[in-house]
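Visitor: First, the structure itself, so that you have it in front of you.
Residue numbers (this note's numbering): 96 to 306.
Written out as structure tokens, the structure reads:
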């Protein structure tokens with residue numbers, strides 16, 4: 096926002112007649128910056144979508160398919176993947192829509208509303224992904240708990256020693272779940288947090304010009 100600060104100093108030097116022109120310059124500058132930020136959010140979301148598809152393809156080998164078949168999860172995994180990718184495409188569509196809307200907006204008040212709407216969409220996107228990560232971790236832990244041979248052996252050994260295998264594994268699962276969610280949250284905080292903060296700064300600058 097260094098450019099905006101310079102323009103504000105010009106207001107004070109030149110006096111009131113220059114203020115109207117400066118406000119138009121500031122609004123134009125903020126408009127361009129906001130459009131650029133939302134465009135970056137759109138590009139990042141598309142790259143992220145393609146990245147997760149590539150990871151899914153690379154990890155889906157014969158061993159993985161045999162494991163899914165052994166657990167009887169073929170239909171569940173197919174449907175969940177379709178739903179998940181469908182929701183992600185839905186968010187990408189909204190990011191694109193927000194970008195086009197901000198790029199073509201002339202009204203300052205409408206631009207402010209669009210900035211808030213974009214921030215809200217990104218936050219929903221982040222919460223959705225955190226929910227999916229949590230669900231994936233929980234489902235994986237449950238399936239491994241009941242089907243993995245090594246865990247079955249561990250359960251028998253701990254129960255023979257007088258310990259509660261279920262309690263031990265639940266505690267371990269909670270730790271893994273917490274670490275997974277925090278790691279993903281930090282990832283999204285770094286990936287989108289800076290852009291959201293810049294958008295909010297733009298909103299505040301527009302709000303000042305409207306006062």
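Where is the CB? At the ideal position from N, CA and C, for every residue including glycine.
Treat the numbers as computed from the prediction; the structure is a model and nothing was measured.
Given this structure, state the Cα-to-Cα distance separating residue 111 from residue 203, to the nearest angstrom.
Guide: One-based indexing of the chain shown puts residue 111 at position 16. One-based indexing of the chain shown puts residue 203 at position 108. Reliability fails at residue 111, whose pLDDT of 49 lies under 50, so the model's placement of it is uncertain and the value that follows must be treated cautiously. Using only the alpha carbons, I get a separation of about 20 Å.
Visitor: Please name the residue, chosen from 150, 284, 118 and 130, that lies closest to residue 176 on a Cα-to-Cα basis.
Guide: Your numbering for residue 176 matches position 81 in the chain shown. Ranking the options by Cα distance to residue 176, first place goes to 150.
Visitor: Within a Cβ cutoff of 8 Å, which residues of the same chain sit near residue 168, ignoring the five residues on either side of it in sequence?
Guide: Locating residue 168 in the chain shown gives position 73, where the first residue counts as 1. These residues qualify, in order along the chain: 238.
Visitor: Helix, strand or coil for residue 201 per DSSP?
Guide: As a working note, residue 201 is residue 106 in the chain shown. Coil at residue 201, not helix or strand.
Visitor: For residue 119, does the count of other Cβ atoms within 10 angstroms reach 16, so buried, or fall short, so exposed?
Guide: On the chain shown, residue 119 is found 24 positions in, with the first residue counted as 1. Flag for residue 119 reads exposed.
Visitor: Express the C-alpha separation of residue 189 and residue 183 in angstroms, rounding to a whole number.
Guide: Residue mapping note: residue 183 aligns to position 88 of the chain shown, counting from 1. Residue mapping note: residue 189 aligns to position 94 of the chain shown, counting from 1. Cα to Cα, the separation comes out at about 10 Å.
Visitor: Tell me the start and end of each unbroken alpha helix (DSSP H) in the stretch 105–170 that is at least 4 residues and wholly inside, in chain order.
Guide: Whole alpha helix (DSSP H) segments, 4+ residues: 114–154 and 157–166.
Visitor: Is it a yes or a no for the stretch 287–305 touching the stretch 204–215, going by three-plus beta-carbon pairs under 8 Å?
Guide: Counting Cβ pairs under 8 Å, three or more are found: they touch.
Visitor: Which residues in the same chain as residue 196 place their Cβ atom closer than 6 Å to its Cβ, once the five residues preceding and following it in sequence are excluded?
Guide: If you number the chain shown from 1, residue 196 lands on position 101. Answer for residue 196: 209, listed in chain order.
Visitor: Grouping DSSP H, G and I as helix and E and B as strand, with all else coil, what is residue 231?
Guide: Translated into positions along the chain shown, residue 231 becomes position 136. DSSP places residue 231 in helix when its eight states are reduced to three.
Visitor: Taking the alpha carbon of residue 218 as the reference point, which residue from 186, 240 and 231 has its own alpha carbon closest?
Guide: Counted from its first residue, the chain shown places residue 218 at position 123. When each option's Cα is compared against that of residue 218, the closest is 186.
Visitor: Is the stretch 221–237 close to the stretch 261–275, with three or more CB pairs under 8 Å?
Guide: Segments in contact, yes.
Visitor: Look at the alpha carbon of residue 290 and the alpha carbon of residue 193, and state the distance between them as a whole number of angstroms.
Guide: Translated into positions along the chain shown, residue 290 becomes position 195. Translated into positions along the chain shown, residue 193 becomes position 98. Their backbone Cα atoms lie some 14 Å apart in a straight line.
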